[in-house]
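For the sequence shown, the positions run 817 to 1164 when my numbering is used.
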Amino acid sequence: MIRARGIAAFSATEPLGPYAFERREPGEHDVVIDIKYCGICHSDIHTVRSEWGAARYPVVPGHEIAGVVRAVGTKVTKHDVGDRVGVGCFVDSCRECAHCRQDLEQYCLEGFNATYNGFEKDGETPTQGGYSDVIVVDENYVLKVPDALTLEKAAPLLCAGITLYSPLMHWKAGPGKKVAIIGLGGLGHIGVQIARALGAEVTVLSHSEAKREDARRLGARAFASTRDPRVFSDLAGSFDLIVNTVSADIDMGAYFGLLKRDGALVAVGLPEKPLVIHPFPLVMMRRSYAGSLIGSIKETQEMLDFCARNAVAPEIELIGPEQVNSAYERVLRSDVRYRFVIDMAKIG
Ligand code: NAP
Ligand code: ZN
Ligand code: ZN
């Protein structure tokens, strides 16, 4: 066993605190990674607060993991000691279902092995995430961090980056396409950069007027404050694709009218409550409402390489592990520019 030190949630209501635990003994296909940085995703907060169902405490959150390989098993061929690597939202999957075979493990029909608040392959050992100093992962679920990306900036790409890259590719954001991103947070600010790098014309739909200049700087052609109801008439019928990254329960009804005929609004944000929508605006213009979940290992590697080639990188605020609770409060106030990343070297 490998001793690990982490930061865990012990209940839905208490602050996170230090937690010592053990990682599994590495097998012949495993990679042992010294975690250097871990991003704070809003999903960490939804999970530890049991907003998506009861969490299994203690939970060490964190699925935006970047680090350096400490050791490799005897049969590992893809990674070497000293390599700069990343781990995202899942650490294994069944590998046999139709989706796993098509490089779509995020939709594994058996359910993937989530990086935290899930189970290892044995089906009983709880997985623990990246707010910790070390992790053991099968080599096939470990990504390579390109040289052009620093580890601290690579970390948020492992969830936020792939969660926007995948739908932007699937719904073919590119030259001649008008794309809107709702919510300029961790996911949204990377989405703006990726959509722009793909050649699309990007608009940010935000409830924070103070982010107007940032949206432009990140590559958006336009910024619209969703607090102003006129936006919904002025921009009616404008977009081929809208990606909604909002973490809170908002009234989606008005947003469908912003799509062109045959346009798609894709949900990636996962608020706590179900949504009530009227089908009229969808029916009238053959519009679609869809969803998208992170991305596969293959696509995540493609995304990392794309970001490295196109100078796409998150804007981060580096914090120590003891600042996690105050960082959560700021994320909840939409007051993060634009991703908190924990410096795991500072774990005590
Ligand atoms: P985040 O950094 O907190 O960003 C969310 C953004 O939503 C905020 O910055 C804010 O943008 C907007 N927002 C928040 N509260 C709002 C409100 N009351 N009304 C209107 N807008 C509001 O969160 P994140 O880490 O990017 O994650 C976003 C969501 O995606 C979360 O629900 C997370 O669980 C989910 N997620 C899904 C996947 C997937 O695979 N589908 C993967 C990762 C995360 P403005 O200030 O610009 O309005
Ligand atoms: Zn995430
Ligand atoms: Zn599978």
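Ideal Cβ positions, reconstructed from N, Cα and C, are used throughout, including at glycine.
Predicted model only: the values in this text are computed from it and were never measured.
Integer Cβ distance of C905 from T941, believed to fall under 8 Å: C905 to T941, Cβ: 18 Å. No contact.
Closest by CA to F1072, which one among L1091, Y1105 and P1087? Cα-wise, what sits closest to F1072 is Y1105.
Out of curiosity, what's the CA-to-CA distance linking S1022 and T1042? Each residue's Cα considered, the two are about 6 Å apart.
In the DSSP assignment, what are the bridge partners of I784? Here the chain covers residues 817 to 1164 and nothing more, so residue 784 does not appear.
Same chain, Cβ closer than 6 Å to E1133, five either side skipped, listed in chain order: Here the set comprises F1156.
How many angstroms separate the CA atom of D1044 from the CA atom of G822? Rounded to whole angstroms, D1044 to G822 spans 43 Å at the Cα level.
Apart from the five residues just before and just after V901, which ones in its own chain have a Cβ nearer than 8 Å to its Cβ? Within its own chain, the residues whose Cβ lies closer than 8 Å to the Cβ of V901, once the five positions on either side in sequence are excluded, are V847, I849, A882, G883, V884, V885, H895, V958, L959, K960 and V961, listed in chain order.
Looking only at its chain, what residues have a beta carbon closer than 7 Å to the beta carbon of K891, apart from the 5 residues adjacent to it on each side? Within the same chain, and ignoring the five residues on either side of K891 in sequence, the residues whose Cβ sits closer than 7 Å to its Cβ are E844 and H845.
If H1005 sits next to P1087, beta carbons under 8 Å apart, how far is it from one beta carbon to the other, in whole angstroms? With a contact defined as Cβ atoms closer than 8 Å, H1005 and P1087 miss out at about 19 Å.
Below 8 Å, how does it come out for the region 1093–1103 and the region 1070–1084: are there three or more Cβ pairs, yes or no? Yes, the region 1093–1103 is in contact with the region 1070–1084.
Cβ pair count under 8 Å reaching 3, the region 1092–1099 against the region 968–982: Output reads no: the region 968–982 does not touch the region 1092–1099.
Closer than 7 Å: C905 CB and nearest ligand 2 heavy atom: Yes, ligand 2 has a heavy atom inside 7 Å of this Cβ.
Cβ of V1018 within 8 Å of Cβ of R1037? Contact: yes.
Who sits around ligand 2, taking every residue whose Cβ is closer than 5 Å to one of its heavy atoms? Chain-ordered list of matching residues: C857, S859 and C975.
Between E1025 and the rest of its own chain, which residues show a CB-CB distance below 6 Å, the 5 nearest in sequence each way excluded? Exclusion of the five residues before and after E1025 leaves S1041 as the residues of its chain whose Cβ lies within less than 6 Å of its Cβ.
Specify, as a first and last residue, the run of the alpha helix (DSSP H) that S1228 falls within. Residue 1228 falls outside the range modelled here, since the chain spans only 817 to 1164, and no answer is possible.
Could you check what DSSP says for G833 in three-state terms: helix, strand or coil? In the structure shown, G833 sits in a strand (DSSP, three-state: E or B).
Of the residues K1027, L1148 and V1140, which one's Cα is nearest the Cα of A824? Distance check between A824 and each of K1027, L1148 and V1140 places V1140 closest, using alpha-carbon atoms only.
Taking the DSSP output, what are the residues bridged to R1077? According to DSSP, R1077 bridges with nothing at all.
Three-state class that DSSP yields for R1046 in the structure shown: In this structure, R1046 counts as helix in the three-state DSSP scheme.
Please report the distance separating the alpha-carbon of K969 from that of A976. So the alpha carbons of these two residues sit roughly 11 Å apart.
Tell whether a beta-carbon distance below 8 Å holds between V888 and G946. No; because the gap between Cβ atoms is not below 8 Å, this pair is not in contact.
Indicate the three-state DSSP secondary structure (helix, strand or coil) for V1140 in the structure shown. V1140 falls in the helix class under three-state DSSP.
Please report how far the alpha carbon of A1127 lies from the alpha carbon of L1098, in whole angstroms. The alpha-carbon atoms of A1127 and L1098 are separated by roughly 36 Å.
For the region 1084–1159, which segments carrying the beta strand (DSSP E) assignment without a break, of at least 3 residues, lie completely within its bounds, in sequence order? The region 1084–1159 contains these whole beta strand (DSSP E) runs: 1104–1107, 1132–1135 and 1155–1159.
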